[in-house]
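Numbering (this note's numbering), first residue to last: 64 to 324.
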């Protein structure tokens, strides 16, 4: 996943259990790696001192070269809960400084450093509210939203959930198993393919449009809590359309990706 820009609230607010998880630097070991898409890799970190995190939070990951040079980037967390296993999904940015190493070179057993958990604005916690939740993701922007959808499914939460996922091709879909499980648990899911749709798809491939968005998301009078995550152009376009459709965009929680990772 690309580095994230404009992430708010570096000190995490109390969780639903009232526990404040203050961010700190932690030593992490790569426990598992696997392909996620042709351009992305799933990385599972074991972080013994990790305090757990809420769905939708992120962390800073720091690499240190042999000559002492350091580079760090922010990545959304695909896992949540009271666990020391932290799941990331990193999308390669070809001219990036960190993501090519994480996608192409990092191996099981490698030592990394992570700082977190971070962010309080973009989180969702099961059992807090029965307000409908609308998730809108573009490409690798699904990572924090998959954590939210999975947490909803795991908790058997009563809030109505919808997911709109815009992606290029079927091969570019992140977290297929997790999203299928969330859908089976009641998350109403719509996937829009911009370049190539699966064989037999009811809707041909094409870019997300305002009409397609309007048909997939909760109507404005539903009072849904809306989360939008993706590239800056994607997020800005979605926010514009939501406003035109009558949604209160001041209540929308948006996370945008930067261009370097």
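Where a beta carbon is used, it is the ideal one built from N, C-alpha and C, also for glycine. Values in this document were obtained by computation on a predicted structure and should not be read as measured data.
Asked, Found
"Starting from residue 300 and walking both ways along the beta strand (DSSP E), at which residues does that stretch end?", "Segment 295 to 307 is the alpha helix (DSSP H) holding residue 300; no beta strand (DSSP E) there."
"Would the beta-carbon of residue 154 fall within 9 Å of that of residue 103?", "yes"
"Tell me whether the beta-carbon of residue 148 lies closer than 9 Å to the beta-carbon of residue 107.", "yes"
"Rounded to the nearest angstrom, how far is the Cβ of residue 303 from that of residue 279, given a contact under 8 Å?", "Wrong, their Cβ atoms sit about 16 Å apart, outside the cutoff."
"Comparing alpha-carbon positions, which option in 179, 123 and 197 lies nearest residue 161?", "123"
"Is the beta carbon of residue 177 closer than 9 Å to that of residue 110?", "yes"
"With the cut-off set at 9 Å, would you say residue 203 and residue 241 are in Cβ contact?", "no"
"Cα separation between residue 311 and residue 87?", "35 Å"
"Which of helix, strand or coil does DSSP assign to residue 192?", "coil"
"Are residue 211 and residue 196 close, meaning C-beta to C-beta below 9 Å?", "yes"
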